[in-house]
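When the letters of the sequence shown are read in order and numbered with this note's numbering, they come out as residues 6 to 271. A quick write-up on the structure given underneath.
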Amino acid sequence: MIKNLFFIALFFVSLEGFSQTVIFNEDFESKERRDLWTLIDRDGDGTSWEYDNSPLDAFTGYTVTSWSWFLEALTPDNLLISPVISLPKNSDKKLSLKFDVGTMDDEELFEEHYAVYVIPANVEFIGSEEAVFEETLDKGYATEAKHIDIDVSEYAGQDVQFIFRHYNSSNVMVLIMDNVQVLEETKLSISDVNKLKVVVYQDEKNGLVKVSGLTDVKRMKIFDVTGKFVMEVHQSEANISSLPKGIYIVNFYTGDHVVSRKIVKK
6 MIKNLFFIAL FFVSLEGFSQ TVIFNEDFES KERRDLWTLI DRDGDGTSWE
56 YDNSPLDAFT GYTVTSWSWF LEALTPDNLL ISPVISLPKN SDKKLSLKFD
106 VGTMDDEELF EEHYAVYVIP ANVEFIGSEE AVFEETLDKG YATEAKHIDI
156 DVSEYAGQDV QFIFRHYNSS NVMVLIMDNV QVLEETKLSI SDVNKLKVVV
206 YQDEKNGLVK VSGLTDVKRM KIFDVTGKFV MEVHQSEANI SSLPKGIYIV
256 NFYTGDHVVS RKIVKK
């Protein structure tokens with residue numbers, strides 16, 4: 006687990022041929038940095054996201070947590086809102102939001118539901134906004150965190166805030182999050198770009214949605230824009246011919262990583 010990182014603008018690193026710029030990096034270790042985030046209890050039950058440095062198997066140091074049970078059942082609608090982040094606009098590069106998520110229990114108490122939103126800077130969150138990522142946490146992330154990777158390139162050139170919303174959960178236990186990053190990435194080798202770029206596409210002839218550029222996809226989950234779960238398949242393609250036309254979020258699960266993309270079914 007990478008810890009003791011700071012908010013860095015235009016910090017360049019090289020990894021396996023990638024040129025990578027860290028636009029934003031938060032590990033919640035610094036109180037000054039934590040104070041830049043906004044925590045909102047939308048459901049008014051007196052509990053919201055909170056910072057914690059209790060020992061955990063899947064995380065080290067400070068994390069941010071939101072509970073759906075604490076001595077009694079809770080029904081959270083809790084918002085964790087980032088400071089304003091200026092996203093660069095470079096057409097030949099990809100912007101990714103990455104973070105780690107997990108829980109304390111692998112056996113029964115893990116099905117926490119959450120969503121991620123991108124909103125213009127300093128605009129009030131209403132609740133009807135379209136999520137860029139949504140899921141109910143699945144089993145297996147108490148000892149090793151799940152690594153989420155969301156393409157946010159469509160917001161390039163804008164000042165935005167990221168919202169992490171824990172809701173539609175009750176009487177489970179806790180959602181844990183850490184290591185929020187926004188990265189600008191490009192591949193130095195054109196051949197490697199073609200080989201590794203993740204592309205989600207639809208085969209309209211047979212109603213399939215497929216992915217290229219990912220290996221060992223174990224399953225897919227699909228949500229509509231309201232966050233409603235609509236489909237899960239245990240393979241790398243899904244038949245969406247029965248779904249109504251509209252916008253959907255498709256999550257691809259490979260190992261302990263999740264790659265999320267939006268699609269439009271016409």
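Don't be surprised by glycine CBs; every beta carbon is placed ideally from N, CA and C. Given the structure is predicted, the values throughout are model-derived calculations rather than measurements.
Asked	Found
Same chain, Cβ closer than 6 angstroms to LYS103, neighbours up to 5 away in sequence not counted	ASP154 and GLN186
Cβ contact check for the stretch 216-225 and the stretch 173-188: 3 or more pairs under 8 angstroms	no
Beta-carbon spacing of SER53, HIS118 below 8 angstroms	no
Other residues of its chain near VAL264: CB distance less than 7 angstroms, five sequence neighbours each side excluded	ASP154, VAL203, LEU219 and PHE257
Distance, PHE167 Cα to SER87 Cα	5 angstroms
Whole-angstrom C-beta distance between VAL123 and LYS157, which should lie under 8 angstroms	With the sequence shown as reference, residue 157 is identified as Val, and Lys is not the correct amino acid for it. Their Cβ separation, rounded to whole angstroms, is 6 angstroms, which keeps VAL157 and VAL123 in contact under 8 angstroms.
Sequence-distant residues of its chain with Cβ nearer than 6 angstroms to PHE234 (five each side left out)	PHE228
Local Cβ density within 10 Å of ILE245, reported as buried at 16 or more and exposed below that	buried
Buried or exposed by the 16-neighbour rule on C-beta atoms within 10 Å, applied to SER194	Residue confidence for SER194 is low, a pLDDT of 40 falling below 50, so the modelled location carries little weight and cannot support an answer.
Same chain, Cβ closer than 7 angstroms to GLY132, five either side skipped, listed in chain order	none
Residue range of the unbroken alpha helix (DSSP H) whose run includes GLU37	36-39
Cβ shell of VAL222 (< 6 angstroms), same chain only, five flanking positions each side left out	SER241, PHE257 and THR259
Whole-angstrom distance between GLU77 and ASP164, CA atom to CA atom	39 angstroms
Which of helix, strand or coil DSSP assigns to SER158	helix
Cβ distance (whole Å) where THR80 is taken to contact VAL179 below 8 angstroms	Not confirmed; about 14 angstroms, so no contact.
Contact belief for SER101 with GLU31 at Cβ below 8 angstroms, rounded distance in angstroms	At roughly 15 angstroms, the Cβ-Cβ gap does not stay under 8 angstroms, so SER101 and GLU31 are not in contact.
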